[in-house]
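Colleague: Just add 2 to wherever you are in the sequence shown, counting from 1, and you've got the numbering used here. Cβ coordinates follow ideal geometry from the N, Cα and C atoms, glycine included.
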Amino acid sequence: MKKKILSALLCIVMVGTMLVGCSSGNKEKAEGSTGESSGGTKEVVIWDYFETDAQKSMMTTLIDGFNESQDEFEAKHVYVPFSDYEKQLTLGIASGELPDIVIMDGCGMTSFISMDLFGDISDADINWDEYTQGPLETTMLDGKHYGIPFAANCTALFYNKDLFDAAGVEYPTDETTWDEFREMAKALTKDGVTGFGNAAVGTDEGTFQCLQWLYTAGGSYEDVTGGEDAYKLMQEMVAEGSWTKDSVNWTQSDVNNNFIAGNIAMQQNGPWQIPGIAAEVPDMNYGVVPLPRRDADAEQATSIIGGESMGVVKKDDTSGAVAFLKYYDQTEVMVAAMKEYGSFPPKTEAAADSYWMDDPIQSEFIKQLETSIPRGPSPIWPSYSAALQKGFQEALTSAKTPEKVVEDTQSAVEAVK
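1) Just reading off the alpha helix (DSSP H) that leucine 64 is part of, what are its end residues?
2) In terms of residues, what are the limits of the alpha helix (DSSP H) holding tryptophan 161?
3) Here's a check: name, in chain order, each residue in its chain whose Cβ is nearer than 7 Å to the Cβ of serine 25, leaving out the five neighbours to either side.
4) Is alanine 353 buried or exposed, if buried means 16 or more other CB atoms sit within 10 Å of its CB?
5) For aspartate 107, which of helix, strand or coil comes out of DSSP?
6) Between alanine 303 and threonine 373, how many whole angstroms is the CB-CB distance? I'm expecting something under 8 Å.
7) Can you have a look at alanine 389 and say buried or exposed, based on whether 16 or more other CB atoms are within 10 angstroms of its CB?
8) Where does the unbroken beta strand (DSSP E) through isoleucine 48 begin, and where does it stop?
9) Going by C-alpha to C-alpha distance, which of Asn260, Asn259, Ser311, Thr196 sits closest to phenylalanine 120?
10) Indicate the three-state DSSP secondary structure (helix, strand or coil) for alanine 154 in the structure shown.
11) Taking DSSP as the reference, what is the three-state secondary structure of arginine 184?
12) For leucine 1, does the three-state DSSP call read helix, strand or coil?
13) Could you check whether the region 252 to 265 touches the region 131 to 138, counting it as contact only if at least three pairs of C-beta atoms, one from each stretch, sit closer than 8 Å?
14) DSSP beta-bridge partners for alanine 77?
15) So which of Ile306, Ile123, Val226, Lys419 has the shortest CA-CA distance to aspartate 410?
16) Nearest-angstrom Cα distance between alanine 2 and glutamate 224?
17) Relative to the C-alpha of alanine 158, which candidate in Ser222, Val290, Ala397 has its C-alpha closest?
18) Do tyrosine 329 and lysine 341 come within 7 Å of each other at the CB atom, strictly closer than that value?
19) Glycine 197: which of Thr205, Gly204, Glu207, Met186 sits nearest, CA to CA?
20) Would you mind working out which of Leu371, Asp231, Tyr81, Lys89 sits nearest tyrosine 51, comparing C-alpha positions?
21) Please report the distance separating the alpha-carbon of alanine 300 from that of asparagine 265.
22) Does the ligand SAM have a heavy atom nearer than 6 Å to the CB of alanine 263?
23) In chain order, what residues of the same chain have a beta carbon less than 8 Å from the beta carbon of glycine 204, not counting five sequence neighbours either side?
24) What first and last residue would you give for the beta strand (DSSP E) that runs through phenylalanine 198?
25) Could you check what DSSP says for threonine 373 in three-state terms: helix, strand or coil?
26) Are there 16 or more other CB atoms within 10 angstroms of the CB of glutamate 405, so buried, or fewer, so exposed?
27) Given this structure, state the Cα-to-Cα distance separating methionine 336 from lysine 234, to the nearest angstrom.
28) On the premise that phenylalanine 166 lies in contact with alanine 267, defined as a C-beta separation below 8 Å, what is that separation, rounded to the nearest angstrom?
29) Please determine if the region 107 to 118 and the region 378 to 389 are in contact, where contact requires at least 3 C-beta pairs separated by less than 8 Å.
30) Alpha carbon to alpha carbon, how far is glycine 278 from proline 284?
31) Have a look at lysine 5 and methionine 106 and give me their C-alpha separation to the nearest angstrom.
32) Kindly indicate the opening and closing residues of the alpha helix (DSSP H) around glycine 393.
33) Let me know if serine 97 comes out buried or exposed under the rule of 16 or more other beta-carbons within 10 Å of its beta-carbon.
34) Which residues bound the alpha helix (DSSP H) around glycine 94?
35) Who pairs with phenylalanine 120 in a beta bridge, going by DSSP?
36) Please classify threonine 112 as buried or exposed, where buried requires at least 16 neighbouring CB atoms within 10 angstroms.
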């Protein structure tokens with residue numbers, strides 16, 4: 003299996019290189035090797051794709067703190083463009099030119115574990131039980147640990163309080179059911195406003211938002227038949243006009259822009275949109291709650307995990323990489339980093355910090371994270387994602403009945419297996 007995945011990715015990389023070329027500048031950025039630094043300490047090289055000033059500042063603070071905390075290792079980080087990231091990792095596996103730690107999108111880590119990029123660190127002195135289960139699963143395969151979660155996020159339900167007040171509709175809560183949510187959306191759909199919108203674009207970004215509905219209905223990425231009610235809900239609400247039909251073309255940024263503009267009364271989106279709302283419409287009167295649950299007897303609705311994981315590259319000596327993970331594993335270090343980064347800590351204790359829990363918006367995302375799960379995890383997640391998202395698009399556009407969507411999507415999923 004490992005050889006097949008690596009061979010397929012290498013073929014993609016070689017074709018891409020022949021088509022668009024590979025500049026020497028990008029190659030230099032991506033290279034990194036462990037060795038002795040000028041001061042005699044062991045060098046620990048970290049790859050990341052962070053581009054914003056806040057992200058860069060966070061990494062500088064984190065690395066400086068680690069280097070000052072001990073005198074055996076010296077960490078540094080190397081920027082690799084996100085568009086080249088998985089390609090450079092795949093080439094690095096073939097060439098042996100790899101860093102000691104890789105920070106990457108959590109849903110992609112399992113693929114590279116299967117390709118033997120990461121080493122088993124299950125015996126590291128880390129209390130795995132302190133991590134939120136969903137993010138932790140992105141760093142595991144077959145019960146073994148290959149790293150730790152770095153940052154966690156998920157989607158929840160934003161609602162425009164002014165539009166609710168104008169329509170005389172009660173605000174949603176963490177106990178709102180699908181039926182109640184549907185009635186809210188219908189009551190809010192008037193005067194050019196649509197009740198609800200999400201990102202259902204035909205990419206993994208769409209899967210990230212739509213998969214939650216399938217799980218909340220009782221299905222999963224491998225058992226589509228158990229979630230037929232999700233497709234029914236989507237199709238019926240679009241037909242009623244209360245779930246915007248534009249969702250099939252919207253990215254998460256598009257959804258938020260329409261929420262800010264007052265075109266939709268509720269949106270499914272993540273905490274990364276909060277700064278944009280504050281900047282664009284600082285006086286916007288809105289709230290956030292967990293996504294609606296299936297019915298009154300059901301547990302809180304599932305959401306899908308986003309964020310990054312941190313993996314230890316498989317080498318003869320991983321002591322420096324494990325030392326860095328143990329440094330980040332400290333609650334106070336993680337809290338400080340995530341405040342600067344603008345995401346949530348993946349450890350339960352760290353996420354309980356007053357910085358998040360005392361904020362009425364941020365605390366709702368912490369609550370939603372408790373029932374959030376990863377995409378997959380699977381070494382062949384992109385193939386599952388493509389099959390699933392085609393089904394969501396077919397349901398939302400009424401291209402097929404929900405029953406036919408389930409039948410065809412399940413067949414596509416079985417073909418991926």
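Modeller: This is what the structure gives:
1) 55 to 71
2) What sits at residue 161 in the sequence shown is tyrosine, not tryptophan. Where tyrosine 161 is concerned, there is no enclosing alpha helix (DSSP H), although the beta strand (DSSP E) it sits in stretches over 158 to 162.
3) With a pLDDT of only 30 at serine 25, under 50, the local geometry of the prediction cannot be trusted, and the value read off the model is given with reservation. If we look at serine 25 and ignore the five residues flanking it on each side, it has no Cβ neighbours.
4) buried
5) strand
6) 7 Å
7) buried
8) 44 to 50
9) Looking at Asn260, Asn259, Ser311, Thr196, the one whose alpha-carbon comes closest to that of phenylalanine 120 is Ser311.
10) The answer is strand: DSSP assigns alanine 154 an E or B state.
11) The answer is helix: DSSP assigns arginine 184 an H, G or I state.
12) Not covered by the structure: residue 1. The range shown for the chain is 3 to 419.
13) no
14) Val46
15) Looking at the Cα atoms, Val226 is the closest of the given residues.
16) Residue 2 lies beyond the range of the chain shown here (3 to 419); nothing can be said about it.
17) Val290
18) no
19) Closest by alpha carbon: Met186.
20) Tyr81
21) Here the alpha carbon of alanine 300 sits roughly 31 Å from the alpha carbon of asparagine 265.
22) Judged by which ligands are present, the structure shown has none, so any question about the ligand SAM falls away.
23) Cβ within range, chain order: Val250, Gln391, Lys392, Gln395.
24) For phenylalanine 198, the enclosing beta strand (DSSP E) has its first and last residue at 196 to 199.
25) coil
26) exposed
27) 41 Å
28) 7 Å
29) yes
30) 9 Å
31) Interpretation of lysine 5 is limited by its pLDDT of 45, a score under 50 that renders its predicted location unreliable; the figure taken from the coordinates is listed afterwards. Going by the C-alpha atoms only, they are around 21 Å apart.
32) 383 to 398
33) exposed
34) 87 to 97
35) Val315
36) Classification for threonine 112: buried.
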